[in-house]
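Below is one structure; the comments refer to it alone.
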Amino acid sequence: MDENLWEKVHAIQGWFNKETASQLYDILMKTDNDISQGEWVEIGSWMGRSTAFFALLLQKKYPGKILHAIDTFQGTPNDAFHEDTIRENHFDLYQEFQKNMNNLQLPIQIHKEKSVDCHWELPISLLYLDGDHDLYYMMEEFRKFDLFLHTGSFLIMDDVPSWIGPTHLAGHISSMNNYHKIWAGANTIVFQKI
Ligand SMILES: C[S@@+](CC[C@H](N)C(=O)[O-])C[C@H]1O[C@@H](n2cnc3c(N)ncnc32)[C@H](O)[C@@H]1O
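When the sequence shown is numbered by my numbering, its final residue is 200 and no position is left out of the sequence of numbers.
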């Protein structure tokens with residue numbers, strides 16, 4: 007992976023780690039599929055660590071394209087660590103996220119709302135799921151955005167197997183005949199739509 011890119015990502019607080027970044031970097035940089043036709047969408051940005059990774063990679067692979075970041079910036083309900091951090095940040099991470107993205111001058115369209123409430127009608131080539139981890143919520147979220155993924159699109163899910171919701175949803179997607187699992191790391195899984 008590009009160490010310079012990782013240095014920028016690593017400077018932002020978050021969970022996205024170097025091992026995952028390296029694998030995703032290789033998968034996305036080397037794919038033969040044209041993933042420039044649809045949008046790249048991240049659900050669950052926090053302070054922008056994974057956002058910076060996808061936006062920098064997108065800039066490198068397809069200069070001029072923007073990344074969509076969907077987040078309430080209010081943290082995940084019933085997550086104690088999130089609640090403490092949100093309180094320390096005046097109950098909203100939006101300013102911190104914007105500051106981090108502006109520092110790196112990243113082209114991002116921010117959708118500050120719940121993913122299921124986000125008005126969406128564009129084709130998607132890459133979808134990264136790391137927002138609300140409740141299974142029923144995630145099923146609704148997946149049903150909504152799945153409609154926009156085309157053949158060759160990537161679906162990347164964090165917290166599989168560490169969280170029950172994403173893990174069950176990933177199991178369900180594995181059993182579908184229009185998704186193919188192409189990589190599973192320590193806590194991330196990547197599917198491609200076929
Ligand atoms: C685990 S954090 C994301 C971490 C980030 N991807 C990283 O690697 O640093 C989960 C994020 O999802 C957001 N979130 C929770 N529920 C959401 C929802 N229903 N819609 C959109 N974002 C949501 C929270 O505000 C929080 O920023």
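The C-beta atom is built at its ideal place from N, Cα and C for all residues, glycine as well. For clarity, every value in this text was computed on a predicted model and none was experimentally measured.
(message) Do F154 and G50 have their beta-carbon atoms positioned less than 9 Å apart in this structure?
(response) On the sequence shown, residue 50 is found 44 positions in, with the first residue counted as 1. On the sequence shown, residue 154 is found 148 positions in, with the first residue counted as 1. Not a contact, by the Cβ cut-off of 9 Å.
(message) Given the structure, does M163 come close to ligand 1, in the sense that its CB is under 8 Å from one of the ligand's heavy atoms?
(response) On the sequence shown, residue 163 is found 157 positions in, with the first residue counted as 1. Incorrect: M163 has no Cβ contact closer than 8 Å to ligand 1.
(request) Kindly list the residues whose CB is nearer than 6 Å to the CB of M163, restricted to its own chain and excluding five residues on each side of it in sequence; keep chain order. (result) On the sequence shown, position 157 is the one that residue 163 refers to. If you ignore the 5 residues before and after M163, its C-beta comes within less than 6 Å of the C-beta of L135, P172, A176 and I195, all in its own chain and listed in chain order.
(message) One question on the structure: do L141 and H174 come within less than 9 Å of each other, judged by their Cβ atoms?
(response) Start at 1 with the first residue of the sequence shown, and residue 141 comes out as number 135. Start at 1 with the first residue of the sequence shown, and residue 174 comes out as number 168. Their beta carbons are under 9 Å apart, which means L141 touches H174 by this criterion.
(request) Within its chain, find whatever has a CB closer than 7 Å to the CB of E146; leave out the 5 residues flanking it on each side and keep chain order. (result) Working through the sequence shown from its first residue, we reach residue 146 at position 140. Around E146: V122.
(request) Identify which residue in N23, L63 and G20 has its Cα closest to the Cα of L11. (result) Here residue 11 corresponds to residue number 5 of the sequence shown, with the count starting at 1. Of the candidates N23, L63 and G20, the one whose C-alpha sits nearest the C-alpha of L11 is L63.
(message) Taking the straight line between their C-alpha atoms, what separation do you get for V15 and P113?
(response) Translated into the one-based positions of the sequence shown, residue 15 becomes position 9. Translated into the one-based positions of the sequence shown, residue 113 becomes position 107. Spanning the alpha carbons of V15 and P113 requires a straight line of approximately 15 Å.
(request) Taking C124 as the reference, give the member of L99, I76 and F148 with the closest Cα. (result) The residue you call residue 124 lines up with position 118 of the sequence shown. Comparing Cα-Cα distances from C124 to each of L99, I76 and F148, the minimum goes to I76.
(request) Could you check if D165 is buried or exposed, using at least 16 other CB atoms within 10 Å of its CB as the buried criterion? (result) The residue you call residue 165 lines up with position 159 of the sequence shown. Under this definition D165 is a buried residue.
(message) Mapping the DSSP letters down to three states, classify H96 as helix, strand or coil.
(response) Reading the sequence shown from its first residue, position 90 is the one you call residue 96. Correct three-state label for H96: coil.
(request) Could you name the residues that DSSP lists as bridge partners for E45? (result) Taking the sequence shown and counting its residues from 1, the one referred to as residue 45 is at position 39. DSSP lists I130 as partners of E45.
(request) Tell me, to the nearest whole angstrom, how far the beta carbon of T82 is from that of H139; I am working on the premise that it is less than 8 Å. (result) The residue you call residue 82 lines up with position 76 of the sequence shown. The residue you call residue 139 lines up with position 133 of the sequence shown. With a Cβ gap of about 7 Å, T82 and H139 count as contacting.
(message) Give me the DSSP bridge partner(s) of M163.
(response) As a first step, residue 163 is located in the sequence shown; it is residue number 157 there, counting from the start. When DSSP reads this structure, M163 sits in a beta bridge with L135 and I195.
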